[in-house]
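In mature numbering (1 follows the signal peptide of the UniProt record, and there is no 0), the protein residues as written are -23 to -1, 1 to 211. All residues carry an ideal CB built from backbone N, CA and C; glycine is no exception. No experiment lies behind these values; they were computed from the predicted model shown.
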């Protein structure tokens, strides 16, 4: 992530080197203004969604505390007739530990998605700060940013759904307790891995696409400027 933000700083220096010396037709300026307005709308739209999702995460934490206590009481009642006190305590401890792991990891995932969204906001802000007379074609950058915002929002929904999940250990005998513990732990592991593969990585890659598109647009504009300067000198 540090490398990504370092790249943003370098990109900012590159973009800053462009001046306001280019002139465009009224049609080009109108298109540029429309792109800038679209970037602003994107930020406002997804900021509102992000705040709603973060508020939902806080509500989930409170609901989970009550739900986990209810599950604990229910589990103890079901086990009392079949297992010793030691086995009951062990099953409860494992379930509590697994649910705590799930809560901690999904919190980290939400923080990661917020960091990605902040990085995306910074990229879109570069569009606002570019001079309106710049020849950089930002249409593909806006499209990529729109896709990236949507992917991050989808990923956050998936993480919140995972956060709501409560894991319980069901055992019929002391002898089968170990296998039951391992099965639930494996289920949690696979659920979290699926989130990384299906949601977090695509979101990260989508932000990288925006960075690449913006960099390419600025580079193309620079090369065109240099070419025009060479032609003027001839």
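- With a cutoff of 8 Å on beta-carbon distance, residue 190 and residue 117 are scored as near each other.
- Assignment of residue 152 by DSSP, reduced to helix, strand and coil, places it in the coil class.
- When DSSP states are grouped into helix, strand and coil, residue 4 belongs to the helix group.
- Burial is judged here by how many other beta carbons sit within 10 angstroms of a residue's own beta carbon; residue 175 has fewer than 16 and is exposed.
- Following the DSSP letters along the chain, one finds residue 118 inside the alpha helix (DSSP H) bounded by residues 116 to 141.
- Just so you know, the alpha carbons of residue 99 and residue 199 end up roughly 21 Å apart.
- Its chain contains 144 as the residues whose beta carbon lies nearer than 8 Å to that of residue 164, once the 5 sequence neighbours on both sides are disregarded; these appear in chain order.
- When secondary structure is reduced to three states using DSSP, residue 23 falls in the helix class.
- Across the set 43, 15, 47, the C-alpha of 15 shows the shortest separation from the C-alpha of residue 101.
- Per DSSP, reduced to three states, the secondary structure at residue 55 is helical.
- The shortest C-alpha to C-alpha distance from residue 157 to any of 46, 146, 187 is the one to 146.
- In the displayed model, residue 32 falls within a helix according to three-state DSSP.
- Taking every protein chain shown into account, the CB of residue 139 has 16 or more other CB atoms within 10 angstroms, so this residue is buried.
- Taking 8 Å as the cut-off, the Cβ atoms of residue 34 and residue 87 count as close.
- One thing to note: residue 97 has its Cβ within 8 Å of the Cβ of residue 126.
- DSSP places residue 161 within a helical segment (H, G or I) once states are collapsed to three.
- Selection 153, 76, 63 evaluated against residue 38 yields 76 as nearest (Cα-Cα).
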